[in-house]
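*Asks:* Please find one structure pasted underneath; my questions will follow.
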Amino acid sequence: MKNELLEKIMFNIIQGRMEAEDEGVDEGLDGQPAVTELIQEAIAKDLDPQQIITECLTPAMDEVGKKFEQGEYLIPDMLAAAECVGTAMEIMGPSLLKAGIQSKGKMVLATVAGDLHDIGKNIVAIMLKGAGYEVIDLGTDVSRERIITEVKNSGAGYLGLSALLTTTMRQMESVIKGLADEGLGNSVKVMIGGAPTSKEFAEQIGADAYCEDAFEAVTRLNALTA
Amino acid sequence: MEYREGVLVKPYERLDLEQVKLLDEASLAILADPGFWCHNERVADFFRKHGANVREETEKGRSVWRVQSPAGLIREAVSQAPTSFVLGARDPANRLLLDAEVPRVYFGSGSETNVWIETEMEEFISKKEPSRVVKIPAFQELRGSADLLCRAAHICEHLEHLDFFIRPVNVQDPGINADNHDANKFFASLNNITKHVQAGLTNLDRLDDVLRMAEIIAGGAEALRENPIISFIACVFKSPLQLVADTADKVFAIVEKGLPIVISSSPQGGSSAPIQEAGMVAQINAEILAGITLTQLIRPGAPVLYGSVPVRARMDDLHDYYGCPEFNQYNIDCAQLARYYKIPCYSTAGVADAKVPGMQATFEKLLTHLYMAMSGAQYIHYAFGLMDRTGSFCPVQAVIDNEHIGKIKHCLREPKLSDTDVADALQTVKKVMASSSRLYTRHVRKAIRSGVVSQPYLFESNHEKEDRVLEKALAALNDLEMKPARHLDLSLVDRIYHEVPGILPGLKQHG
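Respectively, the protein sequence lines represent chains A and B. Heads up: the first sequence begins at 0 in numbering that gives the first Met the number 0, then just goes up one per residue. Heads up: the second sequence begins at 0 in numbering that gives the first Met the number 0, then just goes up one per residue.
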């Protein structure tokens with residue numbers, strides 16, 4: 000029989016309840032411990048972090064994915080659950096490190112210079128964290144130099160670039176060239192997205208993948224890491 | 000008490016109070032001079048006894064009474080009409096609470112067309128790109144029948160935003176005559192819908208048949224008065240200003256029986272009424288006030304709806320013209336006048352001049368659906384599926400109208416802005432701004448599930464570069480027709496067949 004605490008964590012991820020004050024989907028859950036409190040309890044009880052991931056976080060997200068496909072859940076539900084998983088992973092960070100468990104991969108994420116739009120990027124960050132990736136989110140209006148420095152310093156194998164404006168999308172090309180100039184062209188895979196971008200644009204500027212939305216970002220990254 | 004929610008709106012008003020009073024006085028001036036031409040002697044006597052100046056004249060060889068009413072007579076009678084009352088329904092949850100002082104808007108169907116438009120999607124191959132196949136609707140006209148009326152009632156039962164039922168199709172089967180028309184139309188309706196049923200009365204002699212049927216369903220005479228599952232429409236005036244003899248007799252009978260009635264008038268601006276707003280509204284208001292006065296002279300406190308259906312004429316063929324700005328202007332003014340008199344308003348919206356569903360129909364219908372809902376008229380008929388200036392009923396259009404009316408009801412909901420709402424909002428802003436993503440998505444989930452947030456348009460295309468509204472609406476109609484009907488209990492059906500003569504045997508199968 001599965002640990003009762005793991006069952007509770009899984010239930011609360013599906014409910015998208017990060018903290019005790021969150022409402023969730025079902026009625027009457029306010030005030031009850033949610034993912035943050037339950038994960039802290041699990042750590043205090045020395046539960047195996049690998050077990051938490053494989054028996055709880057992953058199947059919870061699979062269940063949320065099914066509910067989304069069946070039309071029972073909408074994107075806000077999906078994001079709420081993914082946020083819960085991201086939070087759980089953050090809280091478990093030291094335990095994972097101690098146990099020698101690595102994330103599925105590390106991605107630096109940024110909205111390029113001159114562009115302040117970040118809704119899409121933030122959704123991608125939530126979804127990737129929820130899928131078990133480590134995300135280093137640099138925010139918006141990030142210069143080419145800073146992006147390249149962060150990629151180098153973090154040792155990330157993946158870079159996600161976002162732009163909403165036709166005037167800023169060209170910055171992506173500049174970043175990709177900069178990575179090549181630094182000798183990182185082969186070791187760092189670049190994914191791009193944002194309203195004005197396209198598959199054709201990605202090919203044109205030498206990006207490794209174009210992502211139409213956050214779901215595709217997860218799919219593409221899963222493919223690149225496979 | 001349970002009743003349908005409708006939508007409580009903050010009324011949009013074209014007229015200020017001074018303009019309302021100006022129209023009221025103009026209508027009273029019309030009723031004083033020239034007055035109305037009354038073709039019913041009993042009505043003329045009634046008005047005379049209550050202080051009107053009545054004189055008999057001869058018109059085309061027939062007697063007609065000119066009735067000139069003093070303002071006091073009209074005002075006093077109109078003031079006795081009830082401000083609020085209930086229209087009942089087979090299912091108590093479907094009752095309607097009409098209150099002239101509460102702008103709660105209900106939408107319903109109408110009105111007695113002879114043609115049913117059936118829709119089918121056909122595939123067409125592009126000449127330019129033979130691999131490209133598109134679906135185009137094909138329309139077929141069917142003659143209205145009792146079976147089609149049963150279908151209409153069944154469909155309307157399942158249209159979420161349809162609050163009451165006025166039969167949208169006429170029964171013209173072999174075997175239907177003036178003696179059994181009423182029994183068949185009411186039975187076909189009541190046996191297939193649990194919402195309020197309203198209709199005109201074809202034959203005064205058959206009123207008792209209809210009442211017997213309604214009493215059997217409601218559970219007796221007293222139960223019917225408490226839960227009037229049926230009510231009647233009487234277009235007692237033929238515009239301009241002519242009171243119709245046989246309809247007036249029906250008004251007497253219905254009011255005496257204690258059932259709710261709509262006093263309706265439908266002048267056409269440009270032919271049977273002035274086309275200008277002031278003249279049109281003053282005249283229709285005069286006609287309705289005279290009709291309402293009659294009901295209150297017959298029985299003070301009789302439940303009556305102020306029934307306004309003013310339309311304007313097209314100038315190219317003098318047909319009715321529904322999808323035009325003047326329609327809204329006339330009708331909004333009437334809704335304001337009804338509110339001024341504190342009488343619930345039976346109003347009109349959603350008639351397409353277009354003959355088939357499509358962009359023209361959508362424009363024409365939405366133009367009036369939205370404005371008339373905003374007017375706060377309590378009871379808006381003609382709102383589902385009516386095409387060709389009320390000449391035909393198209394069920395797939397009714398399904399589309401249902402979706403549009405749902406969106407309008409949502410749009411006009413009362414603002415949710417209590418102290419608690421604002422406090423919740425402030426707390427959410429703080430929470431989100433403290434988060435790394437600064438996204439509000441997790442906080443919309445309750446709102447989505449509780450219905451606070453509207454759903455996407457039901458018939459939208461996904462990613463195709465084509466409009467598939469009709470195809471999707473037709474699929475929705477088919478699904479809806481597969482839903483079970485809520486028929487009357489067989490024991491009630493048997494009693495009705497036993498006690499009410501003339502109902503077609505075939506209709507029993509629907510029970």
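The beta-carbon is built from N, C-alpha and C at its ideal position, and this holds for glycine as well.
#1: Taking 9 Å as the threshold (beta carbon to beta carbon), is residue 435/B in contact with chain A?
#2: Taking 9 Å as the cut-off, decide whether the C-beta atoms of residue 16/A and residue 98/A are in contact.
#3: Output yes if chain A places a C-beta closer than 9 Å to the C-beta of residue 447/B; else output no.
#4: In chain order, what residues of the same chain lie with their CB nearer than 8 Å to the CB of residue 37/A, ignoring the 5 residues before and after it?
#5: If we count the other Cβ atoms within 10 Å of its Cβ and call it buried at 16 or more, is residue 0/A buried or exposed?
#6: Taking 9 Å as the cut-off, decide whether the C-beta atoms of residue 132/B and residue 124/B are in contact.
#7: Between residue 81/A and residue 128/A, which are expected to be in contact by the criterion C-beta below 8 Å, what is the C-beta distance as a whole number of angstroms?
#8: Measure from the C-beta of residue 201/B to each C-beta in chain A and report whether the shortest distance is under 9 Å.
#9: Hey, quick one: how far does the beta strand (DSSP E) through residue 123/B stretch, first residue to last?
#10: Output needed in chain order: residues of the region 58 to 89 of chain A with a Cβ under 8 Å from some Cβ in chain B.
#11: Starting from the C-beta of residue 415/B, find all residues in its chain whose C-beta is less than 8 Å away, skip the five residues before and the five after it, and write them out in chain order.
#12: If the criterion is Cβ atoms closer than 9 Å, does the pair residue 217/A and residue 161/A meet it?
#13: Compare the C-beta of residue 494/B with all C-beta atoms of chain A and state if any pair is closer than 9 Å.
#14: When you compare each of 277/B, 42/B, 65/B, 60/B to residue 53/B by their alpha carbons, which one comes out closest?
#15: Can you give the Cα-Cα distance for residue 57/B and residue 295/B, rounded to whole angstroms?
#16: For residue 50/B, which residues in the same chain have their Cβ closer than 7 Å to its Cβ, ignoring the five residues on either side in sequence?
#17: With C-beta atoms as the reference, is residue 41/B less than 9 Å away from residue 247/B?
#18: Please classify residue 271/B: is it buried, with 16 or more other beta-carbons within 10 angstroms of its beta-carbon, or exposed?
#19: Kindly indicate which residue of 38/B, 321/B, 225/B, 29/B has the alpha-carbon position closest to the one of residue 59/B.
#20: Taking only beta-carbon positions, decide if residue 2/A is within less than 9 Å of chain B.
#21: Do the region 299 to 310 of chain B and the region 343 to 362 of chain B make contact, defined as three or more Cβ pairs closer than 8 Å?
#22: Check for me: the beta strand (DSSP E) holding residue 195/B runs from which residue to which?
#23: Starting from the C-beta of residue 81/B, find all residues in its chain whose C-beta is less than 7 Å away, skip the five residues before and the five after it, and write them out in chain order.
#24: I'd like the list of long-range same chain contacts for residue 363/B, defined as Cβ closer than 7 Å, with 5 residues on each side in sequence excluded.
#25: Would you mind sorting residue 338/B into buried or exposed? The rule is 16 or more other CB atoms within 10 Å of its CB.
#26: Less than 9 Å between CB atoms is the rule here; does residue 440/B satisfy it with respect to chain A?
#27: When DSSP labels each residue in this structure, what does residue 157/B get in the three-state scheme?
#28: Along the chain, where does the alpha helix (DSSP H) that runs through residue 54/B open and close?
#29: Quick check on the burial criterion: 16 or more other C-beta atoms within 10 angstroms. Buried or exposed for residue 437/B?
#30: From the DSSP output, in three-state form, read off residue 458/B for me.
#31: Can a CB atom of chain A be found closer than 9 Å to the CB of residue 428/B?
#32: Along the chain, where does the alpha helix (DSSP H) containing residue 94/A start, and where does it finish?
#33: Measure the C-alpha to C-alpha separation of residue 507/B and residue 224/B and round it to an integer number of angstroms.
#34: Helix, strand or coil for residue 141/B, going by three-state DSSP, please let me know.
#35: According to DSSP, is residue 20/A part of a helix, a strand, or is it coil?
#36: Would you call the region 216 to 236 of chain B and the region 21 to 31 of chain B touching, i.e. three or more CB-CB distances under 8 Å?
*Replies:* This is what the structure holds:
#1: Reading the second sequence from its first residue, position 436 is the one you call residue 435/B. Taking Cβ atoms only, chain A reaches closer than 9 Å to residue 435/B, which makes this a yes.
#2: Counting from one through the first sequence, the residue named residue 16/A turns up at place 17. Counting from one through the first sequence, the residue named residue 98/A turns up at place 99. No, Cβ-Cβ distance for residue 16/A and residue 98/A is not below 9 Å.
#3: Locating residue 447/B in the second sequence gives position 448, counting from the first residue. For residue 447/B, the answer is yes, since a Cβ of chain A falls inside 9 Å of its Cβ.
#4: As a position in the first sequence, residue 37/A is number 38, starting the count at 1. 4, 7, 8, 11, listed in sequence order.
#5: As a working note, residue 0/A is residue 1 in the first sequence. Unreliable positioning characterises residue 0/A in this predicted model, as indicated by a pLDDT of 46, which lies under 50. The coordinate reading is nonetheless provided below. Its Cβ having fewer than 16 others within 10 Å, residue 0/A is exposed.
#6: Along the second sequence, one-based indexing puts residue 132/B at 133. Along the second sequence, one-based indexing puts residue 124/B at 125. The answer is yes: Cβ separation under 9 Å.
#7: Mapped onto the first sequence, residue 81/A falls at position 82. Mapped onto the first sequence, residue 128/A falls at position 129. Rounded, the Cβ-Cβ distance is 7 Å, consistent with contact.
#8: Here residue 201/B refers to the residue found at position 202 when the second sequence is read from its first residue. Output row for residue 201/B: interface = no.
#9: The sequence position of residue 123/B within the second sequence is 124, counting from 1. Residue 123/B -> beta strand (DSSP E) spans 114 to 124.
#10: 73, 74, 75, 76, 78, 79, 82
#11: Counting from one through the second sequence, the residue named residue 415/B turns up at place 416. Answer for residue 415/B: 451, listed in chain order.
#12: Position 218 of the first sequence, counted from the first residue, corresponds to residue 217/A. Position 162 of the first sequence, counted from the first residue, corresponds to residue 161/A. Contact flag unset, no.
#13: Locating residue 494/B in the second sequence gives position 495, counting from the first residue. No, no contact with chain A.
#14: Stepping through the second sequence from its first residue, residue 53/B is reached at position 54. The candidate whose alpha carbon is nearest that of residue 53/B is 65/B.
#15: Here residue 57/B refers to the residue found at position 58 of the second sequence. Here residue 295/B refers to the residue found at position 296 of the second sequence. Approximately 28 Å between the Cα atoms of the pair.
#16: The residue labelled residue 50/B in the question sits at position 51 within the second sequence. The residues are 69, 72.
#17: Residue numbering aside, residue 41/B sits at position 42 when the second sequence is read from its first letter. Residue numbering aside, residue 247/B sits at position 248 when the second sequence is read from its first letter. Yes. Within cutoff.
#18: Mapped onto the second sequence, residue 271/B falls at position 272. Buried, by the Cβ-count rule.
#19: As a position in the second sequence, residue 59/B is number 60, starting the count at 1. Cα-wise, what sits closest to residue 59/B is 38/B.
#20: Here residue 2/A corresponds to residue number 3 of the first sequence, with the count starting at 1. With 9 Å as the cut-off, residue 2/A does not count as an interface residue toward chain B.
#21: yes
#22: Your numbering for residue 195/B matches position 196 in the second sequence. Looking at the DSSP string, the run of the beta strand (DSSP E) that includes residue 195/B is 195 to 199.
#23: Translated into positions along the second sequence, residue 81/B becomes position 82. Excluding sequence neighbours, residue 81/B sits near 300, 302.
#24: The count along the second sequence starts at 1 and reaches residue 363/B at position 364. So the list reads 321, 322, 351, 352, 353, once near-sequence residues are dropped.
#25: As a first step, residue 338/B is located in the second sequence; it is residue number 339 there, counting from the start. The residue is buried, with at least 16 neighbouring Cβ atoms inside 10 Å.
#26: Along the second sequence, one-based indexing puts residue 440/B at 441. Closer than 9 Å: yes.
#27: Mapped onto the second sequence, residue 157/B falls at position 158. Three-state result, residue 157/B: coil.
#28: If you number the second sequence from 1, residue 54/B lands on position 55. It is not in any alpha helix (DSSP H) - residue 54/B instead sits in the beta strand (DSSP E) that spans 52 to 58.
#29: As a working note, residue 437/B is residue 438 in the second sequence. The residue in question, residue 437/B, is exposed, as its Cβ has fewer than 16 Cβ neighbours within 10 Å.
#30: If you number the second sequence from 1, residue 458/B lands on position 459. Coil.
#31: Within the second sequence, numbered from 1, the residue matching residue 428/B stands at position 429. Answer no: the Cβ-Cβ gap between residue 428/B and chain A never drops below 9 Å.
#32: For this step, residue 94/A is matched to residue 95 along the first sequence. Here the alpha helix (DSSP H) through residue 94/A covers 92 to 98.
#33: Here residue 507/B is taken as the residue at index 508 of the second sequence, counted from 1. Here residue 224/B is taken as the residue at index 225 of the second sequence, counted from 1. Computed Cα separation, rounded: 26 Å.
#34: Working through the second sequence from its first residue, we reach residue 141/B at position 142. Of the three classes helix, strand and coil, the one that applies to residue 141/B here is strand, per DSSP.
#35: Here the question's residue 20/A lines up with position 21 in the first sequence. It is coil, neither helix nor strand.
#36: no
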